[in-house]
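K.L.:
Here's a structure for you.
Residue numbers (the numbering used here): 151 to 1231.
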């Protein structure tokens, strides 16, 4: 397995190395082609098919209610044009519903209130629309019952209202017969907030609910009904009544609110782009005006935007529906795209400044492209796993977003890579990063003005490319290493971090026990929508008797059999005895009414119902005949009318206060149906939505578990250490528990919207946890404390940058007055915050306590041994892909400072040669680089979504090297661990093949800057010449800068000084001191 992973890693590095060369040499094509493809694919938006049907989007495709409705509709047909009854609907169709309250919040049983109600009803009847030149009114569109519009008969109480207000007439609850019209009123269907006495007399009521049902049997009727609803809403916006306030709702309200949700976030695109541009440009800026890349920061944002257009247009061409939730994807892509920008730029800055642009691009891609691949892979897997869930809204969003991640990755490799190559040629030409004009480096601008030195200097000096003045370290990276890491290495702080984590986990688990499931309808509306008032009134006044549920019995049933009749009545009783069902008074049952009728009239009618045929004939002729008979819609016969193939009865639900009780009620009803000996189906049109409450928990657990499992496999591939992979898995679980628990405490339900984010968060959590673990594992140092320092040095700032860029990308969503987009912000913010806290604080502490090498508390000592003839593995002198084999390894008398080489071979005194820079990584003579001991290296960039190094640090001033090699250590004697070569001598410039000549020139420069240096052969005697232990001397790199000799301010004085030093050096014999330590005689 380990060998395979090494080969796979080598293959990726070589492939991206070659790709970097190709892009550098042909960058124009890689810039133009993505732009051209984006322009072509973006034309797909002209074929956009917007889907806003809430039933289709937010109900699971595998929901039981879909099958239940299919069964009901197969046996029972509801005709809106005749014999319409609202208790028998299987689809809501077109309707308008009004909830009316008195403006003073008093009872509605007052004459002045009823005056306004009657006036409102008349105005609604006059609402008309013009379709194809024909004016259509409510009377032309209304659903028909008993050959006339299905009316709100409760309004006929208007004639009794003076008597009711004068206490001369009592309204009985729950049923009442109007003495004037002989209509029977079921008050719980109409009245909300009713105050009833012990004698069932209605004293007062706070709200009235009325419906206006429309015909939808044909497409023309459906179109006209939709236009009428819009006209009604417009009229209601303009109307104001002195005594009543009206909350309105129509069948298209949910659809229009989904569209309004989409529109609510569009204005914030500009704000987000501005914020991301400022952050991106600011994050890539440097004090060095040649190496600063503000234009690439801008192009990084542009690349993410182009990729979104291309991905969306491509899927629209394929016929995939577009939904409003997709508008959150561009905000996420901006964050992901800018993360990739940081990775690419950081890898570029780790390359050697003196190399050609193709060479630097090759090494940049060998470093960064693999990291971006890992990050994009985990994000894509997370989204595409979400695309297999049974919720269409989740499927569509994850398909669009996963494809956008893929295209963003491709565009950053090609388009952004080409722009980076172009910027590299500008840098090579010593061009200003903003104005593109040629400027001087800092070391050559001493005589220039202050403004020029501050705003117009940068790059490296051609005469002295390794000048420290042109290569300064990055303060933030050192901050994480020297302060944060050392702070975390204090035992008391480790204990505090663990205690805070346990407290965090405890609160999260408590929050998980309070999870509410399901997406309530009101949360699909904007916060400022008229429908919010309607939902509030409905929940307040009409949750006592909310739903009418159909119970259908299908299959071969002998209804004439007394045992069957008894079992059917027993089935009625089981339903009516449930706590969620109101009781027999509210049940509409043809079989119960028919049997009661037979019992009352058997002596008079003498009906024979002992056989099935006689039972059916008498039922049809006597009880189900006549107009306006609702029971006639509840019995379905076979073709020759000899058998009943299906029948149903209607029950009334009772006191269902919230979404959780909606789910419980539905499951209890289904359980009674499943336990019956008959084929029983229960259904209400809202069961389609309630199914999400049942499936969202199991679907979320399955999807999250699958995504987490895949992420763990990916982590194991790139982090071949079981212990680290275990901590990655632990972090994923911890972050997910935290997000679920704290989002519940933040008012977010577990629904299809939050499920999208939870699945997506798996990929984001891996970005932090997996790569910080790998950084800790890859650190080639001795103790856990040093490993903590190295991994935070590499990833502390990138984690901070990556978290900020993602959070800034979605911050504008919180400004949208929409639960959907606010939920996106809350969940993504939680996972990014928790992931960053795990990566920066918790994981380093846990890994130092229970990670690889956690038992090693002391540095290993090295004994001085006799010189060796051959090295069993690569020498620590390893700079940018070159094996620097020091002559007489282990013998300080032969110590030479290794140098990077401009050619393909580096000649050592014993004739051995290392690999040159021109070849790809792990090629040619550097096969030994694949060994486990190829250097004390921290991997350069771990694909976090930001750089594994700082985004602004020079590649000339690092104590660690890139993926192509480990830290270059100068071997020392006496068991003293060698110093990183980059700290001893930061030379990445061009040198000649004559090592002695190069050493002499380097000595001249050192003498010019530091004065005479002590010969290391005298400071560190060889074991062959001294029997005592060699003395330990401090490195010059650890000496405070203030101890250095001050530089000459005048260029002529520096030139004269350099000449004198050259003469002095030329006159010195080979035995005179020459090395890297100051004279301390």
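Beta carbons are placed, not taken as given, at the ideal position from N, Cα and C, and that holds for glycine. Since the structure is predicted, the reported quantities are computational estimates derived from the model, not experimental observations.
Between 778, 192, 332, which lies nearest to residue 468 when the distance is taken from Cα to Cα?
P.N.:
Looking at the Cα atoms, 192 is the closest of the given residues.
K.L.:
Could you spell out where the beta strand (DSSP E) holding residue 284 opens and where it closes?
P.N.:
Element bounds for residue 284: 284 to 287.
K.L.:
Taking DSSP as the reference, what is the three-state secondary structure of residue 536?
P.N.:
Helix.
K.L.:
Hey, quick one: how far does the alpha helix (DSSP H) through residue 768 stretch, first residue to last?
P.N.:
Note, residue 768: alpha helix (DSSP H), 762 to 768.
K.L.:
Report the residue from 670, 678, 705 whose alpha carbon sits nearest the alpha carbon of residue 689.
P.N.:
When only C-alpha atoms are compared, the closest one is 670.
K.L.:
Under three-state DSSP, which class holds residue 730?
P.N.:
Three-state DSSP puts residue 730 in coil, outside helix and strand.
K.L.:
Going by DSSP, which residues form a beta bridge with residue 362?
P.N.:
Partner(s): 246.
K.L.:
Using the DSSP secondary-structure output, state which residues sit across from residue 900 in a beta bridge.
P.N.:
Answer is 667.
K.L.:
Rank 244, 302, 340, 378 by C-alpha distance to the C-alpha of residue 288 and give the top, closest one.
P.N.:
Among 244, 302, 340, 378, the Cα nearest to that of residue 288 is on 378.
K.L.:
Going by alpha carbons, who is nearest to residue 366 out of 492, 340, 239, 987?
P.N.:
When each option's Cα is compared against that of residue 366, the closest is 239.
K.L.:
Using a Cβ-Cβ cut-off of 6 Å (strictly less than) and excluding sequence neighbours within five positions of residue 552, which residues of its own chain qualify?
P.N.:
Cβ within range, chain order: 530, 533, 534.
K.L.:
Is residue 188 near the ligand HEM, in the sense that its beta carbon is under 7 Å from a heavy atom of that ligand?
P.N.:
Among the components modelled here there is no ligand, and therefore nothing to report on the ligand HEM.
K.L.:
Assuming residue 230 and residue 243 form a contact by the criterion Cβ under 8 Å, report the distance between their Cβ atoms to the nearest whole angstrom.
P.N.:
Contact flag correct, Cβ pair sits at about 6 Å.
K.L.:
Cα separation between residue 938 and residue 968?
P.N.:
Approximately 42 Å between the Cα atoms of the pair.
K.L.:
Taking only three categories from DSSP, how would you classify residue 827?
P.N.:
Three-state result, residue 827: coil.
K.L.:
Once DSSP output is grouped into helix, strand and coil, what is the label at residue 280?
P.N.:
In the structure shown, residue 280 sits in a strand (DSSP, three-state: E or B).
K.L.:
What separation, rounded to the nearest whole angstrom, lies between the Cα atoms of residue 665 and residue 904?
P.N.:
Straight-line Cα distance between these residues: approximately 12 Å.
K.L.:
In this structure, what does DSSP give as the bridge partners for residue 738?
P.N.:
Its beta-bridge partners are 800.
K.L.:
Compare the C-alpha of residue 205 against each of 763, 748, 902, 647 and name the closest.
P.N.:
Of 763, 748, 902, 647, the residue nearest in Cα terms is 902.
K.L.:
Below 8 Å CB to CB, which residues in the same chain sit around residue 786 once its five sequence neighbours on both sides are set aside?
P.N.:
If we look at residue 786 and ignore the five residues flanking it on each side, its Cβ neighbours are 225, 226, 794, 795, 796, 797.
K.L.:
Apply the 10 Å Cβ neighbour rule to residue 791 and answer buried if 16 or more other Cβ atoms are within range, or exposed otherwise.
P.N.:
That one is exposed.
K.L.:
In three-state terms, what does DSSP make of residue 1171?
P.N.:
Confidence at residue 1171 is low in this model, with a pLDDT of 41, below 50, so the placement of that residue is unreliable and no value is reported for it.
K.L.:
Tell me the DSSP bridge mates of residue 794?
P.N.:
Answer is 787, bridged to residue 794.
K.L.:
For a test of the three-state rule: what should DSSP assign to residue 857, helix, strand or coil?
P.N.:
Residue 857: helix per DSSP, three-state reduction.
K.L.:
Just verifying my parser: in three-state terms, what is the DSSP assignment at residue 589?
P.N.:
If DSSP states are grouped into helix, strand and coil, residue 589 belongs with coil.
K.L.:
Would residue 691 and residue 815 be called neighbours here (beta carbons separated by less than 8 Å)?
P.N.:
Contact flag unset, no.
K.L.:
From residue 859 to residue 881, what does the alpha carbon distance come to, in whole angstroms?
P.N.:
Each residue's alpha carbon lies about 13 Å from the other.
K.L.:
What does the Cβ neighbour count give for residue 292, buried or exposed, with the cut at 16 atoms within 10 Å?
P.N.:
It is buried - the Cβ of residue 292 has at least 16 other Cβ atoms within 10 Å.
K.L.:
Please state the DSSP three-state secondary structure of residue 757.
P.N.:
The answer is coil: DSSP assigns residue 757 none of H, G, I, E or B.
K.L.:
For the beta strand (DSSP E) that contains residue 353, what are its first and last residues?
P.N.:
Note, residue 353: beta strand (DSSP E), 351 to 354.
K.L.:
Does the distance from the C-beta atom of residue 473 to that of residue 543 stay below 8 Å?
P.N.:
Yes; because the gap between Cβ atoms is below 8 Å, this pair is in contact.
K.L.:
Just grab the DSSP bridge partners of residue 394 for me.
P.N.:
Looking at the DSSP assignment, residue 394 forms a beta bridge with 252.
K.L.:
Should residue 813 go down as buried or exposed, given a rule of 16 or more other Cβ atoms within 10 Å for buried?
P.N.:
The residue in question, residue 813, is buried, as its Cβ has 16 or more Cβ neighbours within 10 Å.
K.L.:
Going by CA-CA distance only, name the one from 245, 841, 908 that's closest to residue 540.
P.N.:
Checking every option, the nearest Cα to that of residue 540 belongs to 841.
K.L.:
What separation, rounded to the nearest whole angstrom, lies between the Cα atoms of residue 219 and residue 700?
P.N.:
One C-alpha to the other measures close to 10 Å.
K.L.:
Could you tell me whether the Cβ atoms of residue 315 and residue 368 are closer together than 8 Å?
P.N.:
Contact: no.
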